[in-house]
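Notes to accompany the following structure.
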Amino acid sequence: MEIILALVVAAAVIFFGALISMGNERQRRAIDNLREQAVLWAMQDLRIKRERLAREVKVDDPLGWLNKIAGKICGLELDLQIAESFDAPSALLCVAGIDGIKIVLSPLAPHEIGGIKHKRHNRLAKFAENHPLLSLPRNIPAYEISVLNAGILFDLELPLAWNVLTGQNMDHMDRLWMYMI
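If you read the sequence shown in my numbering, its first letter stands for residue 76, the second for the next number, and so on.
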């Protein structure tokens with residue numbers, strides 16, 4: 076009799092454990108679905124806000140805009156002044172007001188610059204000593220500037236500012252690299 080009672084209690088515990096487990100799994104799926112819906116809603120909300128703002132995108136003061144973005148990335152008040160603009164490869168050399176730090180801004184990532192530097196028969200090799208990208212030191216700090224760290228309209232403002240600052244038309248720029256020399 077005691078064995079039968081123990082088996083019934085054990086079976087009841089297993090049965091209720093299975094019911095609780097099934098209920099928890101159902102709740103987990105419902106919570107995951109809610110989380111997914113919240114993410115989709117947030118993304119759609121950002122798209123709507125971005126589209127509304129995109130119609131009015133303009134950069135009145137490109138150098139001020141560049142100072143604000145660079146300051147946000149570095150965490151310093153840089154007070155950038157444009158020293159020179161380069162075409163091939165595209166770059167902008169700036170001098171910061173603090174300690175005379177030189178900053179090179181370019182749409183080229185470090186690995187792309189390395190590829191240009193290491194080509195043996197490169198047409199740009201003769202200009203390497205004059206071009207700041209081609210004469211960058213090996214382990215120079217490089218900061219990627221994109222929509223993720225510079226604001227949701229960065230990719231729309233960047234081509235406008237770059238065109239005014241350098242005279243180069245770069246319609247499909249979505250990120251910029253900052254190298255501190």
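We put the beta carbon where it would ideally sit given N, CA and C, even for glycine.
**Asked** Among the residues of its own chain, which have a CB less than 8 Å from the CB of V132, if the five just before and after it don't count?
**Response** On the sequence shown, residue 132 is found 57 positions in, with the first residue counted as 1. Excluding sequence neighbours, V132 sits near L228, L231, E232, L235.
**Asked** If V239 sits next to P137, beta carbons under 8 Å apart, how far is it from one beta carbon to the other, in whole angstroms?
**Response** By one-based count along the sequence shown, residue 239 stands at place 164. By one-based count along the sequence shown, residue 137 stands at place 62. In this structure, V239 and P137 form a Cβ contact; the two beta carbons are roughly 4 Å apart against a cut-off of 8 Å.
**Message:** In the DSSP output, which residue or residues are listed as bridge partners for A85?
**Reply:** Here the question's residue 85 lines up with position 10 in the sequence shown. Per DSSP, none; premise fails for A85.
**Item:** Endpoints, beta strand (DSSP E) assigned at I220
**Value:** What you label residue 220 is simply residue 145 of the sequence shown in a count that begins at 1. Going by DSSP, I220 is part of the beta strand (DSSP E) stretching over 217-220.
**Message:** Measuring alpha carbon to alpha carbon, tell me which residue in W237, A113, N244, S210 is nearest L251.
**Reply:** Stepping through the sequence shown from its first residue, residue 251 is reached at position 176. Out of W237, A113, N244, S210, W237 has the C-alpha closest to the C-alpha of L251.
**Item:** Three-state secondary structure (DSSP) of Q156
**Value:** Sequence index remark: in the sequence shown, residue 156 carries index 81 (1-based). It is a strand residue.
**Asked** Using DSSP with H/G/I as helix, E/B as strand and the rest coil, what is K133?
**Response** Translated into the one-based positions of the sequence shown, residue 133 becomes position 58. In the structure shown, K133 sits in coil (DSSP, three-state: anything other than H, G, I, E or B).
**Nearest residue (CA-CA) to M253, options L155, A93, D246, L80** = Working through the sequence shown from its first residue, we reach residue 253 at position 178. The residue from L155, A93, D246, L80 with its alpha-carbon nearest to that of M253 is L155.
**Message:** So for A163, helix, strand or coil by DSSP?
**Reply:** Locating residue 163 in the sequence shown gives position 88, counting from the first residue. Coil at A163, not helix or strand.
**Asked** From P207 to R103, what does the alpha carbon distance come to, in whole angstroms?
**Response** Against the sequence shown, residue 207 aligns to sequence position 132. Against the sequence shown, residue 103 aligns to sequence position 28. For P207 and R103, the distance between alpha carbons rounds to 55 Å.
**Request:** Classify A117 as buried or exposed, calling it buried when 16 or more other Cβ atoms lie within 10 Å of its own Cβ.
**Result:** Residue 117 sits at position 42 when you count from the first residue of the sequence shown. It counts as exposed.
**Item:** Residues of its chain near V84, where Cβ-Cβ distance is below 7 Å and the 5 sequence neighbours each way are ignored
**Value:** If you number the sequence shown from 1, residue 84 lands on position 9. Excluding residues within five positions, none has a Cβ falling inside 7 Å.
**Beta-ladder partner(s) of V179, from DSSP** = Taking the first residue of the sequence shown as position 1, residue 179 is located at position 104. The bridge partners DSSP lists for V179 are L168, Y254.
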